[in-house]
Each structure stands twice: as structure tokens, then as C-alpha cells.
Amino acid sequence: MSSKLEELQALLAPVVVALGYECWGVEFSAQGRHSMLRVYIDKEGGVLVDDCAIVSRQVSGVLDVEDPISVEYTLEVSSPGMERPLFTIDQFAKFAGEQVKIKLRSPFEGRRNFQGLLRGVEEQDVVVQVDDHEFLLPIDTIDKANIIPSFD
39 MSSKLEELQA LLAPVVVALG YECWGVEFSA QGRHSMLRVY IDKEGGVLVD
89 DCAIVSRQVS GVLDVEDPIS VEYTLEVSSP GMERPLFTID QFAKFAGEQV
139 KIKLRSPFEG RRNFQGLLRG VEEQDVVVQV DDHEFLLPID TIDKANIIPS
189 FD
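Start counting the sequence shown at 39; every next residue gets the next number (this note's numbering).
(1) Answer yes or no: do V93 and Y59 have a C-beta to C-beta separation smaller than 8 Å?
(2) Does the Cβ of L224 have 16 or more other Cβ atoms within 10 Å, making it buried, or fewer, making it exposed?
(3) When you compare only the Cα positions, how much space is there between R95 and Y78?
(4) So for Q69, helix, strand or coil by DSSP?
(5) Which residue's Cα is closest to the Cα of L124: S144, Y111, E65, L50?
(6) Using the Cα positions of I107 and W62, report the straight-line distance between them to the nearest angstrom.
(7) Is there contact here, the stretch 137-151 with the stretch 170-187, by at least three beta-carbon pairs under 8 Å?
(8) Using CA atoms only, rank isn't needed, just tell me which of Q162, D80, R76, Q69 is closest to L57.
(9) Just to confirm before moving on: does the CB-CB distance between G154 and V168 stay below 8 Å?
(10) Spell out the partners DSSP gives E147 in its beta bridges.
(11) Which of the three DSSP states, helix, strand or coil, is assigned to A56?
(12) Give me the Cβ distance between L156 and G135, rounded to the nearest whole Å; I'm assuming they're in contact under 8 Å.
(13) Considering only their Cβ atoms, is the gap separating V165 from E172 smaller than 8 Å?
(14) For L43, I'd like the list of residues in its chain whose CB is within less than 7 Å of its CB, leaving aside the five on either flank, ordered along the chain.
See the structure below:
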């Protein structure tokens, strides 16, 4: 995780938790005037639009005061949804047995994209089975990971 993401997570997670939600994760993509700060929240029973609005108002106030982002950006507060992003080793462990899509920051064994069965975690590695091969992917090399929804 980049230092900017760590800073934003440290700043915003306590705000989200104080409101009674779980801070599932934070994403920030800096693209000039089209920069986006996305805060994922979760709670037992699911997240409603009103929940997102409550958190958005509070987070926006904190961001206005602390001003951690120097460029113009859009704030979005969202539930993790069906294609739930995974950020932490604990989240990967919790969703063992699910199908996942993982993109790495740089190639590992000649590839950056992996899609398969999330077998679990071993220390700081995510174990994913693609066809007949298991890969141990260091969590700090993962750029993006999402659950692939099953409609069985």
C-alpha cells in the first residue's frame, strides 16, 4: 500500500468506525482533475444509500479540515458490492473458497493477472489456484483484487 493510501486509511478509518460502520478499504486514483477518492464501508445487514450519505458528510468534513489531498478530487462512499474488493490479508482469509480476480503491480512468474480459486493465506502471501497450479502472491505486490460473484 502506498504511503498516501496508508495516510488516508489512518485518517478516515476511525471516522467511519466512530459512525458505526466498518471501513472496508480506501482507494485513491490521482488523475488530475479526474482524481477519485473512494471509501468502502460495510455493516451487518448491508449498506444503504443513507449510510453512504452519512459517512460522506462526515468524511468530507474531516478531509476539508485535514486537507491530505493537494489535487482536485471526487469523494465517493460506497458499499463493497458483489464484486467486493479485497485490501487486507484478513479479508483474503475471510473469503477463502471464493473465485477471485487479482492484478499485480509487476509481473510474477511472467504474469500480472490471475483469476481462480482463493485457497487462503500463508503469512503475508495470498494463495490462489489457477487451473492446476497454486500461486503464492505476496500481498504487497497486489494492485487490485476482487471477488467474482457466483450466481448459483
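Note that the Cβ used here is the ideal one computed from N, Cα and C, for glycine as well.
By the coordinates alone:
(1) Contact check for V93 against Y59 passes: the beta carbons are separated by less than 8 Å.
(2) This structure leaves residue 224 out entirely; the chain is present only between 39 and 190.
(3) 14 Å
(4) coil
(5) E65
(6) 20 Å
(7) yes
(8) D80
(9) Less than 8 Å divides the Cβ of G154 from the Cβ of V168.
(10) According to DSSP, E147 shares a beta bridge with no other residue.
(11) helix
(12) 7 Å
(13) Between E172 and V165, the C-beta spacing is below 8 Å.
(14) V64, F66
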